[in-house]
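In our numbering, the protein residues as written are 195 to 766.
Even glycine gets a Cβ: it sits at the ideal position worked out from N, Cα and C.
Given the structure is predicted, the values throughout are model-derived calculations rather than measurements.
Below: one structure, written as structure tokens.
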């Protein structure tokens, strides 16, 4: 019995020892977190980082707008950093961290770290910061660079910093506040690379600095002076300019308007080219032709040397289509002002020259006319056809009528047409159209485009298209706005005014109440508005153009002049 106890005693000691060794160790309370800092602060979030704590399994991060952490929110992280999100813009936050260690009885928590602070930005980061090239008309002594960026929602201004140093230290850094989305980095030294950054500003605060861009100035030479001359040539204009010191390329823009010209990609020309012809009938580039000015801008550009820009406009010299002219007819257009404001009923008695001038024409489109008011001009010598306020009058000695009709237009207007057989040219027919448009700025040129479409789609009683691409079509009338004239030119009509010798005739067809000034002022390059036109398609066009003005002699007058042009009639 005693022997058994003696044998069992050592075994019990071993069992007790093994039981002690097998019991789980109790984790120590983790130490206090140190090194807490905030960074990468944005509009609604920031990042916090701290030093690792030995034995910590996780970390608890707590933040609040209250220094005492009232109403604090928290999250845990397995790493020594965390991103705090969902914050309010432009607010100051305090943040603290403590380490967590897991034990058999749960989590042991260390003391909170010293608090760190972070203020969220009021705005987002500015985007799209770039060095701007080829868009500025100024040369700042060749020591500046233009910077631009994307407009930032909520920003009322921007701070722009330019520095020699990547850390933007105070010495060597300039700060400028601007209202727009561009600024100049000025007074750059040759051979020095600068850093540029920008941030948005509002009454609520600022945004973070944008990612930096580098700018430098490698060549301290300014571009030389530049001049441009435009000379009318056959079917276009020749643009010529001087050699510009330090320019490495020239860029040429052209179009019927400045907006049209600048919307197209420019022609890039080497420094050896300083004269080019800009074609007025090249539909792929300009879509302008007879009677419309061609606007040309030329830019000289150099590496690091800024930009020089000059621009001008000129009328091309029209080249008539190559058709065999058999005879010419004088075709006019006259808004007689019978139905308009302050107009008289008996327009043929206003002045003896009215009958004389109209009687001298082979055909004339009439607008704002009352039916049955042609008086002595109609009968044995003339015939006419009209609907509404538009009519076509022709000399019966020269023309006979083949067919006649009217095109209904959107807005309640119409375009009267007459197909005339030239008695002097066997087989030679001409379609004369008379219209008074009701253009609106919302749809510039829409009525003319409608006329062009319907002329090509409408047939006369013999099944022949009014505009078959061969038979001359003469569009006469009051087109109301410049947009109607532009639309006709782009559709292939020829403006006889471009062949006139007087610039006044090319500029102004309409003179209000016989004054010496047009109804509207001329534009910046001197090409004023024209309402009354004689435009020709599928024909050699016009060798001459003029408008007739006369005094009213006390009788009711028209606020329009009679315009006319010679039209080539061809044998088909």
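The Cβ-Cβ distance between residue 399 and residue 393 does not fall below 8 angstroms. Bounds of any beta strand (DSSP E) do not take in residue 647; it lies within the alpha helix (DSSP H) bounded by 640–651. If you draw a straight line from the Cα of residue 451 to the Cα of residue 557, it comes to about 33 angstroms.
By the CB criterion at 8 angstroms, residue 440 and residue 493 fall outside the cutoff. The three-state secondary structure of residue 559, taken from DSSP, is strand. For the pair of segments examined, the region 596–609 was found not to touch the region 560–567: the number of CB pairs separated by less than 8 angstroms stays below three. In this structure, residue 242 places its C-beta atom within 8 angstroms of the C-beta atom of residue 291. For the 8 angstroms CB-CB criterion, residue 406 and residue 386 do not form a contact.
Counting the other CB atoms within 10 Å of its CB gives residue 448 a total of 16 or more, which places it among the buried residues.
Following the DSSP letters along the chain, one finds residue 456 inside the alpha helix (DSSP H) bounded by residues 452–457. Between residue 455 and the set 403, 554, 506, 687, the nearest pair of CA atoms involves 506. In the three-state reduction of the DSSP assignment, residue 677 falls in the helix class, which pools H, G and I.
Rounded to whole angstroms, residue 610 and residue 659 show a C-alpha spacing of 15 angstroms. A check of alpha carbon separations from residue 275 across 490, 229, 281 identifies 229 as the nearest.
Per DSSP, residue 315 lies in no beta strand (DSSP E) and is assigned neither H nor E.
Assignment of beta-bridge partners to residue 420 by DSSP yields no partner. Residue 731 and residue 420 have their C-alpha atoms some 40 angstroms from each other. By the neighbour-count criterion, in which 16 or more other beta carbons inside 10 Å mark a residue as buried, residue 344 falls on the exposed side. Per DSSP, the beta bridge partners of residue 426 are 431. Secondary structure at residue 299: coil, using DSSP grouped into helix, strand and coil. DSSP places residue 585 in the strand class (E or B) of the three-state scheme. Taking the C-beta atoms as reference points, residue 612 is found no nearer than 8 angstroms to residue 642.
In the structure shown, residue 243 falls within a strand segment according to DSSP collapsed to helix, strand and coil. Taking the CA atoms as reference points, residue 575 sits about 32 angstroms from residue 682. Residues of the same chain with a CB within less than 8 angstroms of the CB of residue 408, apart from the 5 flanking positions on each side, are 387, 388, 389, 390 in chain order. For residue 405, no beta strand (DSSP E) segment is defined, and its DSSP state is neither H nor E. Sorting 496, 652, 283 by C-alpha distance to the C-alpha of residue 662 places 652 at the top. Residue 504 holds the alpha-carbon nearest to the alpha-carbon of residue 433 among 504, 550, 403. A buried status is given to residue 532, since no fewer than 16 other beta-carbon atoms sit within 10 Å of its beta-carbon. Across the set 501, 247, 306, the C-alpha of 306 shows the shortest separation from the C-alpha of residue 262. When the Cα atoms are used, residue 623 and residue 423 turn out to be separated by approximately 43 angstroms. Shortest Cα-Cα distance from residue 410 to any of 657, 431, 384 involves 384. DSSP links residue 325 through a beta bridge to 341.
For residue 446, the enclosing beta strand (DSSP E) covers residues 443–449. In this chain, the beta strand (DSSP E) harbouring residue 593 covers 593–602.
Rounded to the nearest whole angstrom, the C-alpha separation of residue 580 and residue 453 is 39 angstroms.
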